[in-house]
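Only one structure is covered here, and it is reproduced in the block below.
There are 2 protein chains.
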Amino acid sequence: MKPTLRAVAEAVGVSRSTVSNAYSRPDQLSTELRRRILDAAREMGYPGPDPTARSLRRGYVGAIGVLFTSRLSYAFTDPFATQFLTGVAQAAERHGSSLLLVPLPADAAGARKAVENAAVDGFCVYCGGDEEGEIVDAIRSRGLPFVTTSARPRAEDRWVGIDERAAARSVAEHLTGLGHRRVALLADRVLPDAAPGPVRVGDLADVPHPTTRERLAGFADAFAAVGVDWSQLTILSATDNSRPAGAAAVGAPDSLPEPITAVLACADVLALGALDTLREADRHLAVTGFDDIAEAAPVGLTTVRQPGVQKGRRAAELLLDPPVDTDAHQILLPTTLVVRTSAGPAPRS
Amino acid sequence: MKPTLRAVAEAVGVSRSTVSNAYSRPDQLSTELRRRILDAAREMGYPGPDPTARSLRRGYVGAIGVLFTSRLSYAFTDPFATQFLTGVAQAAERHGSSLLLVPLPADAAGARKAVENAAVDGFCVYCGGDEEGEIVDAIRSRGLPFVTTSARPRAEDRWVGIDERAAARSVAEHLTGLGHRRVALLADRVLPDAAPGPVRVGDLADVPHPTTRERLAGFADAFAAVGVDWSQLTILSATDNSRPAGAAAVGAPDSLPEPITAVLACADVLALGALDTLREADRHLAVTGFDDIAEAAPVGLTTVRQPGVQKGRRAAELLLDPPVDTDAHQILLPTTLVVRTSAGPAPRS
DNA sequence: TTGAAAGCGTTACCAG
DNA sequence: CTGGTAACGCTTTCAA
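Just so you know, the protein sequences line up as chains F and H, in that order. Residues 1 to 349, numbered by full-length UniProt numbering, are exactly what the first sequence covers, in order. Residues 1 to 349, numbered by full-length UniProt numbering, are exactly what the second sequence covers, in order.
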């Protein structure tokens, strides 16, 4: 039986408040008495105030939650997610908070429940898909602060992110500038249950994931500007945001519905996978990525850089000490086109 | 003002227990009543039972803590730590638990406090240094279960790990087999405040970190077996367990106290750093690592593989559903010597 | 500087 | 199946 604060109080012969003060407000009692209490506590094996009870009473937990749409183990496997988490961890650490990593079940009800059960002071919503609405709703009804990082939210909510569409457009323009006209766009789960490979997407609005939607739209913008419209673009869907899934999605490049000269991926990991497949097939198409993860540079991947660590850090800061000025509640981070060698000029046809 | 369970009860005209049951024990009331309660709750904006209050009452949190000795952001940066976390996350996820990542301040008192304040059901102690004693002590006095992963603990404690010494010895024997006799051992913080580079270590017992101590001992075993004793080995200390720190520790290879033909690192990241420096200096020494992280294969690093993901997974499992048989509370994982190209035969002198 | 009283929001037990 | 009562372990006024 663990001793409680009460037991210590009785043993020392003081009131519970005094013992509590000995731990939490040393200035409220004499050094000598405090010493006596702490000593007695140690002797009795009292481990200090129970964190749960303390949280309940104080209304403050000392931890922030990070919500992952995909499997939790993903968090440590995906390079961009890792960058983001590093940033969050930096800010949390400085603030003295812990990080609660919350895996979200795929079903909306389960996700809601996960949010409702997390003992935290606020949430970083990392990359929600279409279920983000449900999640945000659950957080809001708990009355906790949160920061989102994908599609731009309501004006009153906190957000840190990039201009997805413009960023995507910038790589795509690089490709149109190089003469590419027949291209494939590669993204994770373009449509809900798509098999790996080409899919028909009648309308961009059908794409569930907002970030993917924005990036595809950005790509499309650039091609539209040179007279290539949406229906002429090949869309490749991966089953996952991972290198193998990217490789699988490209499949047999020669059997694609349309001949292409370039692949524009919505993430570096996908682009890397595409490169794997193409190298295997000995095809030399132009490939571009998105994010600029560490693995991109060594293989010369042309991509758009977004500051992942900073994104995480600023998200956590927004949560932990929000700027008084509400105008500063939404932070737009810069992106840069990083031109390397993976995307050369289109072959003259 | 967030509504509470009590408010819902009053609104519906039932007792608090009934509302509570509606959430936590659906079988305790009629479907119809439950529906009415849940509907009313939704309407009032009641987000469901407060997680903190629930934890206090139930005596169960639904989260396990992972304790990091080094900076928290390390967790996502260090490849081996990442593997470990992935494993922990897998197990936690399956069990429906969240992961609380707890950064430990460098000072013992702070670390103790961090442990005492974490609202969790148990701890995975990842890689404690010499302060592990203090930490384990704090956990124990809270009466929570824990699993450690470094030096083998008391018989009654849970542990998952490898035979550090034998594993280290196996790489070292590979090197002695190749004829190496004058070598340097490279490790993270061999002595408490060592500057990067060579240090004198009179006695292995002076090395604070138990894992490092074991690995160095294993290396030494192999060399002792061929007549090279401890005092003839050069010890290189890094300031950190990272690639740059490894690079810095090797410093100017030609200015080392003794000429060497090989560097045995206690971690792949350090070995990688050493390789960076040596390549820079155009020196072609043999280099070996430890862990077999993903980056090891591409550069042909000879190393010892330990199953990182599995280590994390089994640690978490040991915590989440401990085997009834206490004999199974300590799990020894296998290691394998992985011979690649980074360590060739010693030059004939 | 100390202590008494009043919760924080739940859930468990047990009687009805 | 329902509801009253008593905690869970602590912190925080507020008055002494």
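Backbone N, C-alpha and C fix where the C-beta goes; we use that ideal spot for every residue, glycine too.
Check, Outcome
"Local conformation of leucine 333 (chain H) per DSSP, three classes", "strand"
"Residue interval of the alpha helix (DSSP H) (run including glycine 161 (chain H))", "Counting along the chain, glycine 161 (chain H) falls outside any alpha helix (DSSP H), though it belongs to the beta strand (DSSP E) covering 158-162."
"For alanine 41 (chain H) and asparagine 21 (chain H), the rounded distance between their alpha carbons", "13 Å"
"Per-residue burial, threonine 326 (chain H) [other beta carbons within 10 Å of its own, 16 or more giving buried]", "exposed"
"Short CB-CB distance (under 8 Å) between glutamate 61 (chain F) and chain H", "According to the sequence shown, residue 61 (chain F) is valine rather than glutamate. True, the Cβ-Cβ gap to chain H drops below 8 Å."
"Within-8 Å CB hit, glutamate 131 (chain H) to chain F", "no"
"8 Å contact criterion, which arginine 142 (chain H) and proline 210 (chain F) should meet: CB distance rounded", "That pair is no contact at about 43 Å."
"Counterpart residues of tyrosine 126 (chain F) in DSSP-defined beta bridges", "F:Phe68"
"Beta carbon proximity, asparagine 241 (chain H) to chain F, threshold 8 Å", "no"
"Chain F contact residues for glutamate 93 (chain H), given Cβ-Cβ distances below 9 Å", "Arg71, Leu72, Ser73, Pro103"
"Under 8 Å between C-beta atoms of glycine 65 (chain F) and valine 120 (chain F)", "yes"
"Simplified DSSP state of arginine 200 (chain H), which is helix, strand or coil", "coil"
"Collapsed DSSP secondary structure at arginine 94 (chain F) in the structure displayed", "helix"
"Closer than 8 Å to chain H by CB, leucine 85 (chain F)", "yes"
"Serine 24 (chain H) (DSSP reduced to helix, strand or coil)", "helix"
"Cross-strand partners of serine 237 (chain F) (DSSP beta bridge)", "F:Ala187, F:Gly197"
"Pick from H:Gly289, H:Arg200, H:Lys311, H:Glu134 that is closest to proline 257 (chain H), judged by C-alpha positions", "H:Arg200"
"For alanine 63 (chain H), the residue or residues it bridges with in DSSP", "H:Ser98"
"Cβ-based neighbour list, aspartate 240 (chain H), same chain, cut-off 7 Å, excluding 5 preceding and 5 following", "Asp188"
"Distance CB(leucine 264 (chain F))-CB(leucine 185 (chain F)) smaller than 8 Å", "yes"
"Beta-carbon contacts of cysteine 124 (chain F) that lie in its chain and below 8 Å, excluding the five residues immediately before and after", "Ile64, Gly65, Val66, Leu67, Val88, Phe146, Val147, Thr149, Gly312, Ala315, Ala316, Leu319"
"Residue nearest to serine 24 (chain H) in terms of C-alpha spacing, selected from H:Arg54, H:Ala11, H:Arg6, H:Glu43", "H:Arg54"
"Beta-carbon contacts of glycine 308 (chain H) that lie in its chain and below 6 Å, excluding the five residues immediately before and after", "Phe80, Gln83, Phe84"
"Every unbroken beta strand (DSSP E) within the region 257-295 of chain F, with a cutoff of 3 residues, ordered by chain", "262-265, 286-288"
"Cβ pair threonine 77 (chain F), threonine 77 (chain H) closer than 8 Å", "no"
"Residues that proline 103 (chain F) bridges to, as DSSP identifies them", "F:Phe68"
"Anticipated Cβ contact below 8 Å, alanine 238 (chain F) with threonine 302 (chain F), distance rounded", "The pair is not a contact, with the Cβ atoms about 19 Å apart (cut-off 8 Å)."
"Through-space distance from threonine 52 (chain F) to residue 370 (chain F), alpha-carbon basis", "Outside the shown range of chain F (1 to 349) lies residue 370 (chain F), about which nothing can therefore be said."
"Residues sharing a beta bridge with threonine 303 (chain F), DSSP", "F:Val338"
"Partners in chain F for serine 55 (chain H), counting only beta-carbon separations shorter than 7 Å", "Thr52, Ala119"
"Interface partners of lysine 2 (chain H) on chain F, CB under 8 Å", "Arg142, Gly143"
"Valine 8 (chain F) - containing alpha helix (DSSP H), residue span", "5-12"
"Contact with chain F by serine 24 (chain H), beta-carbon distance below 8 Å", "no"
"According to DSSP, residues forming a beta bridge with phenylalanine 146 (chain H)", "H:Phe123"
"Arginine 112 (chain H) versus H:Gly251, H:Glu131, H:Ser231, residue with shortest Cα-Cα distance", "H:Glu131"
"Residue environment, threonine 31 (chain H), which counts as buried when at least 16 other CB atoms sit within 10 Å", "exposed"
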